[in-house]
Amino acid sequence: MSQPIPDRRDLLLGAAAALAVAAAPMPEVYAQARSDRALLFRNATLVTMEAEDGGVRAGDLMVREGRIAAIGERLEAGDAEVVEAQGNILIPGLINSHIHLGQAIIRGLSADHTLGQYFQVVVGRYSPKLSAQDLAASDYAGALEQLEAGVTTIFDWSREVLTPAHADAAIDAMRRSGIRAFLGYAIPGAAQGGEAVKADIRRVLAGPLASREGRVRLALGIRGPDSSSPEDTLSDFTLARELDLLHQFHIGAWLYAARRPRAVAQLTADKLLSAKSILVHANDLDEDEYRIVSDAGAKVVVTPEVEMLMGHGQPATGRVLRNGGRPGLGVDVVTGIGGDMFTQMRSALSAQRLADNLAAQQKKEPLKAVTLTTRQVLAAATIDGARLLGIESETGSLRAGKRADIVMLKGRGLANTPIHDPVAAVVMQGHVGLVDTVLVDGEPIKRDGRFIGRDIAKAASDLQRQASDLMKR
C-alpha cells in the first residue's frame with residue numbers, strides 16, 4: 011500500500027506561531043549526570059564485533075574522556091572507577107536503524123492492524139494532530155525506552171515533524187535523553203507544504219543541527235519511488251545530495267499501491283542511489299536489485315517483526331547478505347510491537363530460518379547448514395548498523411579510540427547460565443531486564459539497572475498526559 015502523507019498546509023501556515031511555541035519553555039529538562047571520571051570494566055566477557063567470530067575475548071576495557079581508551083588484560087586502573095564485570099557481557103551499544111519515534115504516544119493502537127489500517131488510523135488520523143508538546147513527550151519517552159533496552163543509536167524517520175516547533179521539540183527531546191540519533195526529517199508532497207518543510211530543513215541544518223559530528227544529527231526521510239511521482243522522487247534525492255545528508259525511504263513492499271516494478275534499477279540508472287541512501291524494508295525486489303543496491307554503496311534496513319505482522323513480505327535479510335550487502339535492523343513502529351532490538355534479532359533469525367527450512371521441505375532435502383547466524387544478526391544490530399549510518403569509525407564495535415557507546419549485560423542469571431557462546435547468549439537469551447549499564451559517549455545513562463539523572467516516572471506521566479489530550483482531539 012502507498013504511504014499517505016499527512017496534510018501539513020494548515021500547520022505550516024501557522025509557522026510563525028509554531029516558532030513562538032518552540033521558543034516557549036518545554037517540559038522540565040531532566041538533569042543529565044555527566045562524569046569525566048574514567049571507568050575500568052574488569053574481567054568482562056567482551057563481544058567486540060571486531061572479527062568474524064564476533065571478536066569474543068575476556069579482559070578489561072577502559073573508558074576515558076568519552077572514548078574506549080584501551081582493551082586488554084590486567085589494565086592499570088589509575089584514577090578510574092573499577093567496575094567488577096566478571097560473568098557479565100560487554101557489547102557495543104545496539105543500533106536501531108529505523109524507528110518512528112514520535113509514534114510512542116499512540117503505542118499499541120496497531121497491534122491488530124493490517125498495513126492499510128495502520129496508514130488509515132495512525133498516519134492519517136493521529137500523526138497529523140500531534141502538537142509540538144506531544145512530540146516532545148513522545149520522542150523523549152521513546153528515546154528512553156530505547157536506551158533502557160541497550161540501544162545507543164537510532165534513526166528516527168519522523169513524519170510527525172510538522173512545523174519548525176515540532177522539529178525543535180524533537181531535537182530537544184533527543185538531546186535531553188542522551189541518545190545518539192539521526193532525526194530523519196520527513197518531506198511531504200507539495201500539496202502538504204513540502205516546500206516549507208524543505209526551507210525548515212535548511213534552517214535546522216544551519217542552526218540547531220549544524221554539526222555533522224554531534225550526538226544528534228540531521229537526516230532526511232524521503233518519499234522514494236513507491237510513494238511519489240518520478241518528479242518528486244528526483245526532487246527529494248536532489249535535495250539529499252545537495253545537503254549531503256543521509257536519507258531513508260520505504261520501498262519494495264508488495265502491498266504498496268503505487269509500487270513501481272524495477273524501481274531500484276531505475277534509481278540506479280538515474281544515478282540517484284549513493285552510499286547515503288538507505289532502503290527500508292525492500293521485501294519484494296527482484297533478486298538482482300539487491301546486488302544493484304550493494305554495488306551502488308546503498309544499504310538496506312530490515313524491520314522483520316513489523317514486516318511479518320503487517321504483510322510487507324518475507325524479510326530481506328538473507329537476500330541482502332547473499333548479494334553482498336550488510337543489512338541493518340530496526341524496530342519500525344511501536345504502535346504495533348515492542349521497542350527492543352533483542353526481539354528484532356530473533357525475529358530476523360526466525361524469519362530466515364523458516365524460509366530456508368520450508369524451501370528444504372519443498373525439495374525433500376534436509377537443510378545442511380543455516381544461512382543466517384547469530385553473529386550475523388548481532389552484526390546487523392551493531393557494526394553493520396553503524397556502517398549503514400556511516401558512523402562505523404565512531405561506534406558499532408568495541409575498539410580502542412572509538413566512542414564509548416557500550417552496554418553491559420548481566421550474566422549468571424537462570425536464563426543465561428552457563429554462557430558457552432556469548433554471541434548466542436546475547437541474541438537468543440538477551441532481553442531488557444539484562445541491560446545493567448548503558449554508556450553513550452562515555453556518559454553513564456544507566457548503571458546497576460537504573461537510569462542516572464532521568465526521571466522515568468515523570469517521562470511516563472508526561473507521555474500519558476499528552477496521549478490523553480491527543481485522544482480528545
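Position 298 of the sequence shown, counted from 1, bears residue number 308 in this note's numbering, the numbering being contiguous throughout. Backbone N, C-alpha and C define an ideal beta-carbon position, used for all residues, glycine too. It should be emphasised that the depicted structure is a prediction, and the values quoted were computed from it without experimental measurement.
Starting from V316, follow the beta strand (DSSP E) in both directions and report where the run begins and ends. As a working note, residue 316 is residue 306 in the sequence shown. Segment P314 to M320 is the alpha helix (DSSP H) holding V316; no beta strand (DSSP E) there.
What residue range does the alpha helix (DSSP H) around K373 cover? Here residue 373 refers to the residue found at position 363 when the sequence shown is read from its first residue. Residues M351 to K373.
From the DSSP output, in three-state form, read off Y195 for me. As a working note, residue 195 is residue 185 in the sequence shown. Of the three classes helix, strand and coil, the one that applies to Y195 here is strand, per DSSP.
In its own chain, which residues sit with a C-beta less than 7 Å from the C-beta of S107, not counting the 5 before and 5 after it? Translated into the one-based positions of the sequence shown, residue 107 becomes position 97. Only F165, V311, G338, L339, G340, G395, L398 and L399 meet the Cβ criterion.
Cβ of G103 within 8 Å of Cβ of T55? For this step, residue 103 is matched to residue 93 along the sequence shown. For this step, residue 55 is matched to residue 45 along the sequence shown. No.
Give the list of continuous beta strand (DSSP E) stretches no shorter than 3 residues that lie fully inside the region 84–165. 91–94, 99–102 and 104–109
Can you give the Cα-Cα distance for R329 and L283, rounded to whole angstroms? Along the sequence shown, one-based indexing puts residue 329 at 319. Along the sequence shown, one-based indexing puts residue 283 at 273. For R329 and L283, the distance between alpha carbons rounds to 19 Å.
List the endpoints of the continuous beta strand (DSSP E) containing M418. On the sequence shown, residue 418 is found 408 positions in, with the first residue counted as 1. Residues I416 to L419.
Are the CB atoms of I511 and A326 nearer to each other than 8 Å? This structure does not reach residue 511, given that the chain is present from 11 up to 483, and the question cannot be answered.
Quick check for students: name the residue ranges of the beta strand (DSSP E) that lie wholly in the region 203–265, counting only runs of 3 or more. 226–231 and 257–261
Cα-Cα, which of R464, L255 and K412 is closest to I211? On the sequence shown, position 201 is the one that residue 211 refers to. Measuring from the Cα of I211, the nearest candidate turns out to be L255.
Beta-carbon separation (whole angstroms), A250 vs K286, contact threshold 8 Å: Taking the first residue of the sequence shown as position 1, residue 250 is located at position 240. Taking the first residue of the sequence shown as position 1, residue 286 is located at position 276. Correct: roughly 7 Å between the Cβ atoms.
Cβ pair Q258, V290 closer than 8 Å: Working through the sequence shown from its first residue, we reach residue 258 at position 248. Working through the sequence shown from its first residue, we reach residue 290 at position 280. Closer than 8 Å, so yes.
Local conformation of E453 per DSSP, three classes: The count along the sequence shown starts at 1 and reaches residue 453 at position 443. Reduced to three states, the DSSP call for E453 is strand.
For L85, which option in F247, L49 and H110 has the closest C-alpha, if you only look at C-alpha atoms? Here residue 85 refers to the residue found at position 75 of the sequence shown. Cα-wise, what sits closest to L85 is L49.
Any chance the region 118–135 sits against the region 402–416, with 3 or more Cβ pairs inside 8 Å? no
Below 8 Å, can you find three or more Cβ-Cβ pairs linking the region 452–464 to the region 424–437? no
For L157, I'd like the list of residues in its chain whose CB is within less than 6 Å of its CB, leaving aside the five on either flank, ordered along the chain. As a first step, residue 157 is located in the sequence shown; it is residue number 147 there, counting from the start. Only I189, V448 and I455 meet the Cβ criterion.
Would you check if the region 140–151 and the region 111–121 touch, i.e. whether three or more CB-CB distances between them fall below 8 Å? yes
Give the range of the beta strand (DSSP E) segment to which M72 is assigned. In the sequence shown, counting from the first residue as 1, residue 72 sits at position 62. That run of the beta strand (DSSP E) goes V66 to R74.
Quick one: Cα of A43 to Cα of E453, how far? On the sequence shown, residue 43 is found 33 positions in, with the first residue counted as 1. On the sequence shown, residue 453 is found 443 positions in, with the first residue counted as 1. Confidence at A43 is low in this model, with a pLDDT of 43, below 50, so its placement is unreliable and the value that follows should be read with caution. For A43 and E453, the distance between alpha carbons rounds to 8 Å.
Secondary structure of A306, DSSP reduced to three states: The residue you call residue 306 lines up with position 296 of the sequence shown. Of the three classes helix, strand and coil, the one that applies to A306 here is coil, per DSSP.
For M36, which residues of its own chain have a beta-carbon under 7 Å away from its beta-carbon, when the five flanking residues on both sides are left out? One-based indexing of the sequence shown puts residue 36 at position 26. Confidence in M36 is poor, its pLDDT being 35 and thus under 50, which makes the residue's placement unreliable; the coordinate value appears in the next sentence. So the qualifying residues of the chain are A146, A179 and D182.
Proximity below 8 Å, CB of V316 to CB of L359: As a working mapping, residue 316 is identified with position 306 in the sequence shown. As a working mapping, residue 359 is identified with position 349 in the sequence shown. Contact flag unset, no.
Taking Cβ positions, are T392 and M59 nearer each other than 8 Å? Walking along the sequence shown from the start, residue 392 turns up at place 382. Walking along the sequence shown from the start, residue 59 turns up at place 49. For T392 and M59, yes; Cβs fall inside 8 Å.
So if DSSP puts G82 in a beta bridge, which residue, or which two residues, is it bridged to? Here residue 82 refers to the residue found at position 72 when the sequence shown is read from its first residue. According to DSSP, which records beta bridges pairwise, G82 is partnered with D70.
On the three-state DSSP scale, how would you describe S471? Stepping through the sequence shown from its first residue, residue 471 is reached at position 461. Helix.
Where does A54 fall in DSSP's three states? Looking up residue 54 in the sequence shown gives position 44. In the structure shown, A54 sits in a strand (DSSP, three-state: E or B).
Using a Cβ-Cβ cutoff of less than 6 Å, which residues in the same chain neighbour D451 once the five nearest sequence positions on both sides are dropped? Counted from its first residue, the sequence shown places residue 451 at position 441. Correct list, in chain order: G76 and R413.
Going by C-alpha distance, which of G463, P314 and D144 is nearest A292? Here residue 292 corresponds to residue number 282 of the sequence shown, with the count starting at 1. Of G463, P314 and D144, the residue nearest in Cα terms is P314.
Ordered along the chain, which non-local residues of its own chain (more than five positions away) have a Cβ less than 8 Å from that of E62? Taking the sequence shown and counting its residues from 1, one reaches residue 62 at position 52. Only R385 meet the Cβ criterion.
Can you name, in chain order, every residue of its own chain whose Cβ lies under 8 Å from the Cβ of G199, other than the five neighbours on each side? By one-based count along the sequence shown, residue 199 stands at place 189. Result list for G199: I15, R233, S238 and D242, in chain order.
DSSP state of R186, grouped into three classes? Against the sequence shown, residue 186 aligns to sequence position 176. Note: R186 maps to helix in three-state DSSP.
In terms of residues, what are the limits of the beta strand (DSSP E) holding L289? Counting from 1 along the sequence shown, the entry for residue 289 is found at position 279. Note, L289: beta strand (DSSP E), S287 to H291.
Please determine, among G97, G69, D280 and A159, the residue with the shortest C-alpha to C-alpha distance to S245. The sequence position of residue 245 within the sequence shown is 235, counting from 1. The shortest C-alpha separation from S245 is found at D280.
Selected residue, minimal CA-CA separation from Q362, among R332, G231 and K468: On the sequence shown, position 352 is the one that residue 362 refers to. Among R332, G231 and K468, the Cα nearest to that of Q362 is on R332.
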